[in-house]
Each structure stands twice: as structure tokens, then as C-alpha cells.
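Below is one structure, written out as C-alpha cells; the observations come after it.
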Amino acid sequence: MAQRHVVVLGGTGFVGRHLVARLLHGGDRVTVLSRGIDTGKRHLKPQGASLIEGDVASADFLAAVLDDADAVVNLVGILNEMGDRGDGFERVFVGITDALIDAMQRMGVRRLLQMSALNAGRGESHYLQARGRAEQRVRASGLDWTLFRPSVIAGPGDGLFCRFDGLLKFAPVLPIGRADARFQPVWVGDVVDAYAKALDEPRSIGQAYDLVGPDVMTLKQIVKLAARGHGRHRMVLGLPPSLGKLQAEVGEWLPGKPISRDNWRSLQLDSVSMEDGLRRLNLTPTPVEPKLAQILAGC
Numbered sequence: 001m002a003q004r005h006v007v008v009l010g011g012t013g014f015v016g017r018h019l020v021a022r023l024l025h026g027g028d029r030v031t032v033l034s035r036g037i038d039t040g041k042r043h044l045k046p047q048g049a050s051l052i053e054g055d056v057a058s059a060d061f062l063a064a065v066l067d068d069a070d071a072v073v074n075l076v077g078i079l080n081e082m083g084d085r086g087d088g089f090e091r092v093f094v095g096i097t098d099a100l101i102d103a104m105q106r107m108g109v110r111r112l113l114q115m116s117a118l119n120a121g122r123g124e125s126h127y128l129q130a131r132g133r134a135e136q137r138v139r140a141s142g143l144d145w146t147l148f149r150p151s152v153i154a155g156p157g158d159g160l161f162c163r164f165d166g167l168l169k170f171a172p173v174l175p176i177g178r179a180d181a182r183f184q185p186v187w188v189g190d191v192v193d194a195y196a197k198a199l200d201e202p203r204s205i206g207q208a209y210d211l212v213g214p215d216v217m218t219l220k221q222i223v224k225l226a227a228r229g230h231g232r233h234r235m236v237l238g239l240p241p242s243l244g245k246l247q248a249e250v251g252e253w254l255p256g257k258p259i260s261r262d263n264w265r266s267l268q269l270d271s272v273s274m275e276d277g278l279r280r281l282n283l284t285p286t287p288v289e290p291k292l293a294q295i296l297a298g299c
């Protein structure tokens, strides 16, 4: 059997690095597409994968590198945008998805695995609304698609526990808005296993999978767990809605945007699901708490 060639957009990101390593381990040939990697970050490209740099928002560029692809995985994403108008999310989620669908249709490449998010298309968040519009484009594409909708993803170097770990180094008291917002953190290893399983499973075509862990945690519990991981005793102060919204307004202008207005809008919806997409793929969800030391070691 010929070696399968998988092209991954966003393959140098948090999930992408884990997925590329998983696919290579399974014997696939992997090409990572990137807008460009800083010299200091080239070590993030997994050993054994090919790297092609170019404009991943250009259908012409994508078509030129998809000529012998068997499947494409789109992991391109951002958590925040410049400003608060939604156009940044629109360009990244909808624009790149449109270009990719165009290129795949031109080149006759049918298999697409697309990263989305739990609550895509719901609420008032620009992030979630753009994710929802990208899903609509994928569903209408006529391709052999599979959608994945994770809750927050936990793993070494993540944007969840590691973000709070950085804040907790210096803050004896951490005030947070929507402290009671609920999440089902999903282990990054389970996420990449879901992608690998779907690539091998024709029945996953035309399906959307909510990817959630076995435990529901409030935002406050997640922060306190991050603190305990390094033996820190920290007070987590839940803010009333008015002050939580004000915190997001201020965070919009701070370096790195520790919280933004759009994060606040996203937090109005609990990131939980009654559907267990991992079990639908015959995968057992991994509890995140026993993985805490491994997660924080990668921060």
C-alpha cells in the first residue's frame, strides 16, 4: 500500500506539533504548511515532517502544494485578534477555510479534517461566530469532511493551565470574571488520537465530534488546580459580572491580552457537552488532573 500523504495547516502550533508527531509515528508522510516560522522557533517542526512556507490564505499556493495529498488537516487558529471587530477571526477561520476548500476542489483532494470549537456558531463571541461560519463552509463543500469541536485543550505548553501558571507566579490573589464558567478540559493526546482514528475510519466522514474530557471543572477550579501544581497557595477571587466585564475591557489593552472582550463573550457559554465524541470514536477520555505535572513541565 502506498504511504498516505497528509498535509497539515497549523502544524507548528500546540495541537499541530502533537498531531504531526502522531501521524509520523503511524507511518504517514506529513507536510506542514506555514506562513513562516521565526528562526528561533524552527525547532518546533517535528523531525521527519516536510515544511513548506507560503501564504496559506491563498488558494493558488494551497493548490500548488496539494497535488499528491491524500488528506488535509486544518488546524489554523488564533485565540485573540487585533482590535475587537471580528475581522481577524473572519480572515483566519473563514477566509483560510474558503481558500482551502477551493484548492482541494481544484486538485481533486477530497478528505478534510477541520478543527472547530465547542459552541461554534453560538453566542455573541466573534471567535465562536467565525468558527460557526467556517463549519458551514465545510459542510457545504461537497468534500469528505470531519469536524472536531473540542472544549479547552490541556497539555504541555497549552494556553489553559500554562496561561494561569504564568499569572500565578506573581499574583497572590487572582481576580477572575465568570469564575463559575464550566469547562470539560480534553487531553491533547486524546485530540490527536481522534484525528488519527478519523483518518482511518470512513464512517467519520460527514460527522462532527465534540471532544471533551471526563471531568467538568469551573474556571475557578482550573485556576486553583494550576496553583496547586507548583505548590502555590493562591486566593482566586470571583468577580461580579460588572467587574468581570471591566477586567476584560482593561485586559484588551494589556500585553499578550490575558483576557479580552471577546474572551468575556465566549465565557458566557459553558464549554461542556453531553455528547462524548471520543467514545464515538472508541477512545477513552483521559482525566486531566493526573496529567498536571506533565502539563506544567512544558509551560
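Counting in the UniProt record's numbering, the sequence shown runs from 1 upward without gaps. All residues carry an ideal CB built from backbone N, CA and C; glycine is no exception.
Practice task
Quick one: using the 10 Å Cβ neighbour count with 16 as the cut-off for buried, is residue 151 buried or exposed?
Solution key: Within the sequence shown, the letter at position 151 stands for residue 151. Classification for residue 151: buried.
Practice task
Drop a sphere of 10 angstroms on the beta-carbon of residue 93, count the other beta-carbons inside from all chains shown, and report buried for 16 or more, exposed for fewer.
Solution key: Counting from one through the sequence shown, the residue named residue 93 turns up at place 93. Residue 93 comes out buried.
Exercise for the section: Name the residue from 255, 115 and 69 whose alpha carbon lies nearest to the alpha carbon of residue 96. Expected result: The residue given as residue 96 occupies position 96 in the sequence shown. Of the listed residues, the one whose Cα sits closest to residue 96 is 115.
Practice task
Can you check the stretch 220-291 for any beta strand (DSSP E) of at least 3 residues that lies completely inside it and give the ranges in chain order?
Solution key: 235-239
Practice task
Please determine if the stretch 64-72 and the stretch 102-119 are in contact, where contact requires at least 3 C-beta pairs separated by less than 8 angstroms.
Solution key: yes
Problem - Contacting residues, own chain, Cβ-Cβ under 6 angstroms from residue 126 (five flanking each side not counted) - result: Taking the first residue of the sequence shown as position 1, residue 126 is located at position 126. Excluding positions up to five away in sequence, the list reads 86, 89 and 262.
Practice task
Confirm, please, whether the CB-CB distance from residue 183 to residue 219 is below 9 angstroms.
Solution key: One-based indexing of the sequence shown puts residue 219 at position 219. One-based indexing of the sequence shown puts residue 183 at position 183. Yes; because the gap between Cβ atoms is below 9 angstroms, this pair is in contact.
Problem - residue 96 - DSSP class collapsed to helix/strand/coil - result: Within the sequence shown, numbered from 1, the residue matching residue 96 stands at position 96. If DSSP states are grouped into helix, strand and coil, residue 96 belongs with the helices.
Practice task
Please confirm if the stretch 243-259 is in contact with the stretch 128-135, defined as three or more CB-CB distances below 8 angstroms between the two stretches.
Solution key: no
Problem - Reduced DSSP category for residue 16 - H, G, I as helix; E, B as strand; rest coil - result: The sequence position of residue 16 within the sequence shown is 16, counting from 1. If DSSP states are grouped into helix, strand and coil, residue 16 belongs with the helices.
Handout entry: Enclosing beta strand (DSSP E) for residue 53 [first to last residue]
Key = One-based indexing of the sequence shown puts residue 53 at position 53. Looking at the DSSP string, the run of the beta strand (DSSP E) that includes residue 53 is 50-53.
Problem - Cβ neighbours of residue 19 in the same chain (closer than 6 angstroms, five flanking residues each side left out) - result: Here residue 19 refers to the residue found at position 19 when the sequence shown is read from its first residue. Taken in chain order, the residues that qualify are 192 and 195.
Problem - Span separating the alpha-carbon of residue 252 from that of residue 224 - result: On the sequence shown, position 252 is the one that residue 252 refers to. On the sequence shown, position 224 is the one that residue 224 refers to. Roughly 24 angstroms between the two C-alpha positions.
Problem - Assigned secondary structure, residue 196 (DSSP; H/G/I helix, E/B strand, else coil) - result: Your numbering for residue 196 matches position 196 in the sequence shown. Residue state, collapsed to three classes: helix.
Exercise for the section: Might you give, ordered along the chain, the residues of its own chain that have their beta carbon closer than 8 angstroms to the beta carbon of residue 144, omitting 5 neighbours on each side? Expected result: As a working note, residue 144 is residue 144 in the sequence shown. Excluding residues within five positions, the ones whose Cβ falls inside 8 angstroms are 110, 111, 112, 205 and 206.
Practice task
Would you give the residue range spanned by the beta strand (DSSP E) that residue 177 belongs to?
Solution key: Working through the sequence shown from its first residue, we reach residue 177 at position 177. 173-177 is the extent of the beta strand (DSSP E) around residue 177.
Problem - Given residue 4 as reference, the closest of 12, 232 and 199 once Cα atoms are compared - result: Numbered from 1 along the sequence shown, position 4 holds the residue referred to as residue 4. Out of 12, 232 and 199, 199 has the C-alpha closest to the C-alpha of residue 4.
Exercise for the section: Please report how far the alpha carbon of residue 36 lies from the alpha carbon of residue 8, in whole angstroms. Expected result: Translated into the one-based positions of the sequence shown, residue 36 becomes position 36. Translated into the one-based positions of the sequence shown, residue 8 becomes position 8. Looking at the two C-alpha atoms, the distance is approximately 14 angstroms.
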